[in-house]
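Engineer: Per full-length UniProt numbering, the very first residue in the sequence shown carries number 1; after that it's consecutive.
What follows is a structure written as structure tokens; I'll ask about it next.
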Amino acid sequence: MSVNPPTLLPKSNIDDKVLDQTLRPSRFDEYIGQERIKENLKVIIGAAQKRKEPIEHLLLHGPSGLGKTTLAYLVAKELGANIKITSGTALEKAGDVGSILTGLSDGDVLFIDEVHRLNKTIEEVIYPAMENFKLDIIIGKGNSAKTLQIDLPKFTLIAATTKISLLSAPFRSRFGVNLKLDFYKDSEIEKIIARSASLLKIPIDSHAAAIIAKSSRATPRVANRLLKRVRDYAQMKDLPEINATLASEGLKMLEIDHCGLEETDRKILLTIADKFSGGPVGLKSIAAAISEEEGTIEDVYEPYLMQLGFLDRTPKGRIVTPNGLKHLGLPSKRESLNI
Numbered sequence: 001m002s003v004n005p006p007t008l009l010p011k012s013n014i015d016d017k018v019l020d021q022t023l024r025p026s027r028f029d030e031y032i033g034q035e036r037i038k039e040n041l042k043v044i045i046g047a048a049q050k051r052k053e054p055i056e057h058l059l060l061h062g063p064s065g066l067g068k069t070t071l072a073y074l075v076a077k078e079l080g081a082n083i084k085i086t087s088g089t090a091l092e093k094a095g096d097v098g099s100i101l102t103g104l105s106d107g108d109v110l111f112i113d114e115v116h117r118l119n120k121t122i123e124e125v126i127y128p129a130m131e132n133f134k135l136d137i138i139i140g141k142g143n144s145a146k147t148l149q150i151d152l153p154k155f156t157l158i159a160a161t162t163k164i165s166l167l168s169a170p171f172r173s174r175f176g177v178n179l180k181l182d183f184y185k186d187s188e189i190e191k192i193i194a195r196s197a198s199l200l201k202i203p204i205d206s207h208a209a210a211i212i213a214k215s216s217r218a219t220p221r222v223a224n225r226l227l228k229r230v231r232d233y234a235q236m237k238d239l240p241e242i243n244a245t246l247a248s249e250g251l252k253m254l255e256i257d258h259c260g261l262e263e264t265d266r267k268i269l270l271t272i273a274d275k276f277s278g279g280p281v282g283l284k285s286i287a288a289a290i291s292e293e294e295g296t297i298e299d300v301y302e303p304y305l306m307q308l309g310f311l312d313r314t315p316k317g318r319i320v321t322p323n324g325l326k327h328l329g330l331p332s333k334r335e336s337l338n339i
């Protein structure tokens, strides 16, 4: 009877959510990539600590999975401050904001994820809190209404968004620091995979890490997810180490190719190429053809396809590029016309 190697034994009491917390860096020197942003934050934090003041409000934006939440945790830890976390969807009423803000202490960090989902009423409540550390509460209605102003502790707001364009200009202008996270290089993703494998006690060779990195959509969150799925595959095969062959087999089983394209990515490209002659075609037509939501296509799949140069947005609509057709094994328009 075969027994799983000790290094690859699954731990039933640890789910993926707990593992994600385990893999999250606890110090800036453990955070791989985004060097420019890290250097800026170190200067901002160091200067604020010398002045013995809270740092300015931070706005972090960029595609999902690049480490915005992790950076918020690291900033709070570097400041030695408590961090309270909420999201744009959770703050529905002015009272929700008031209860959170009045519960803060001097120097605390408030992190709002997906801040673009805040409604305009909530934004207007946050304005004076960000600028003057005061909360305006309206008591009563009509002519008898009165405004009560409450002093707030000096806190730092860190907001994260994947859609900075949806934030109003007055709201954006109240952030003292605006930082954009970029996609990662393959070499950086390989280091992240190696670090995560070490934390999870999963032996993995450099070739396997490189294969997983190329399929990770230049995103650490995806890299860690694929690593855990390949680990599961290794456990089922009773293998003591993740090598290149096993990594390739595990990704193939997940229907993820060497560029990181998933089934929906390929479906989008094939639909434009086959049903719409390579484009241009509108987003609504693509969404209807593949039975997917417009927002999901635009926010989840298109950014990476454009990053690879497989898809292009033009004033007339989406088109599949020659590189995209080549990846699908389809002839370009010029080749199909024998030009």
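The C-beta atom is built at its ideal place from N, Cα and C for all residues, glycine as well.
This structure is a prediction, so every number in the text was calculated from the model and none was measured.
Excluding the five sequence neighbours on either side, which residues of its own chain have a C-beta within less than 8 Å of the C-beta of Ala90, listed in chain order?
Structural biologist: Asp96
Engineer: Of the residues Ser206, Ser196, His207, which one's Cα is nearest the Cα of Arg229?
Structural biologist: Ser196
Engineer: Roughly how many whole angstroms lie between the Cα atoms of Lys134 and Ala234?
Structural biologist: So the two alpha carbons sit approximately 55 Å from each other.
Engineer: Based on the DSSP secondary-structure assignment, which residues constitute the bridge partners of Val320?
Structural biologist: Leu311
Engineer: State buried or exposed for Asn338, treating a residue as buried only when at least 16 other CB atoms are found within 10 Å of its CB.
Structural biologist: With a pLDDT of 43 at Asn338, under the threshold of 50, the modelled position of this residue cannot be trusted; read the value that follows with caution. Exposed: under 16 other Cβ atoms inside 10 Å.
Engineer: So the candidates are Ala218, Ile290, Ser285, Gly279; which of them puts its Cα closest to the Cα of Gln34?
Structural biologist: Ala218
Engineer: If the criterion is Cβ atoms closer than 7 Å, does the pair Ile158 and Phe111 meet it?
Structural biologist: yes
Engineer: Once you ignore the five residues that flank Asp182 on each side, which residues in its own chain have a CB closer than 8 Å to its CB?
Structural biologist: Gln34, Gly62, Leu66
Engineer: If we count the other Cβ atoms within 10 Å of its Cβ and call it buried at 16 or more, is Asn224 buried or exposed?
Structural biologist: buried
Engineer: With a floor of 4 residues, list each alpha helix (DSSP H) that falls wholly inside the segment 217-289, ordered by position along the chain.
Structural biologist: 220-236, 244-253, 263-274
Engineer: Using the Cα positions of Asp238 and Ser206, report the straight-line distance between them to the nearest angstrom.
Structural biologist: 20 Å
Engineer: Which whole-angstrom value describes the C-beta separation of Ile242 and Ala194, a residue pair presumed to lie in contact below a C-beta threshold of 8 Å?
Structural biologist: Actually they are not in contact, since the Cβ atoms of Ile242 and Ala194 sit about 11 Å apart, beyond 8 Å.
Engineer: Lys146: buried (16+ other C-beta within 10 angstroms of its C-beta) or exposed?
Structural biologist: exposed
Engineer: Would Gly70 and Arg27 qualify as a contact pair, given that the criterion is a beta-carbon distance under 7 Å?
Structural biologist: According to the sequence displayed, residue 70 carries Thr and not Gly. Contact: no.
Engineer: Name the two residues that bound the continuous alpha helix (DSSP H) containing Thr102.
Structural biologist: Counting along the chain, the alpha helix (DSSP H) containing Thr102 begins and ends at 94-102.
Engineer: Hey, would you say Pro220 sits closer than 7 Å to Ile192, going by beta carbons?
Structural biologist: yes
Engineer: Tell me Lys120's beta-bridge partners as DSSP assigns them.
Structural biologist: Paired residues: none, contrary to the question.
Engineer: Between which two residues does the beta strand (DSSP E) harbouring Leu58 extend?
Structural biologist: 58-61
Engineer: Mind checking Thr162: buried by the 16 CB within 10 Å criterion, or exposed?
Structural biologist: buried
Engineer: As a quick exercise: from Leu328, Leu270, Lys201, pick the residue whose alpha carbon is nearest that of Thr22.
Structural biologist: Lys201
Engineer: Would Leu330 and Ala273 qualify as a contact pair, given that the criterion is a beta-carbon distance under 7 Å?
Structural biologist: With contacts defined by Cβ atoms closer than 7 Å, Leu330 and Ala273 form a contacting pair.
Engineer: How is Phe28 classed by DSSP in three states: helix, strand or coil?
Structural biologist: helix
Engineer: What number of angstroms, rounded off, separates the C-alpha of Glu101 from the C-alpha of Asp299?
Structural biologist: Here residue 101 is Leu; the residue named in the question, Glu, does not match the sequence. Distance between the alpha carbons of Leu101 and Asp299: 31 Å.
Engineer: I need the straight-line Cα distance from Ser248 to Ile211, nearest angstrom please.
Structural biologist: 7 Å
Engineer: Can Ala81 and Val43 be called in contact, C-beta distance under 7 Å?
Structural biologist: In this structure, Val43 does not lie closer than 7 Å to Ala81 by Cβ.
Engineer: Could you check what DSSP says for Leu157 in three-state terms: helix, strand or coil?
Structural biologist: strand
Engineer: Using the three-state DSSP reduction, which class does Lys201 fall into: helix, strand or coil?
Structural biologist: coil
Engineer: On the three-state DSSP scale, how would you describe Ser168?
Structural biologist: coil
Engineer: Name the one or two DSSP bridge partners that Thr147 has.
Structural biologist: DSSP, once it has assigned bridges, lists Ile138 as partnering Thr147.
Engineer: Tell me whether Gly22 sits in a helix, a strand or coil according to DSSP, three-state version.
Structural biologist: Per the sequence presented here, residue 22 reads as Thr, with Gly not at that position. Correct three-state label for Thr22: helix.
Engineer: Considering only the beta carbon of each residue, do Lys267 and Ile297 sit closer than 7 Å?
Structural biologist: no
Engineer: Mapping the DSSP letters down to three states, classify Leu110 as helix, strand or coil.
Structural biologist: strand
Engineer: For the alpha helix (DSSP H) containing Ser206, name the first residue and the last one.
Structural biologist: 206-214
Engineer: Among Lys50, Asp106, Leu59, whose alpha-carbon lies nearest the alpha-carbon of Gly176?
Structural biologist: Comparing Cα-Cα distances from Gly176 to each of Lys50, Asp106, Leu59, the minimum goes to Leu59.
Engineer: With a threshold of 6 Å on Cβ separation, who are the neighbours of Ala47 within its own chain once the five nearest residues in sequence on each side are excluded?
Structural biologist: none
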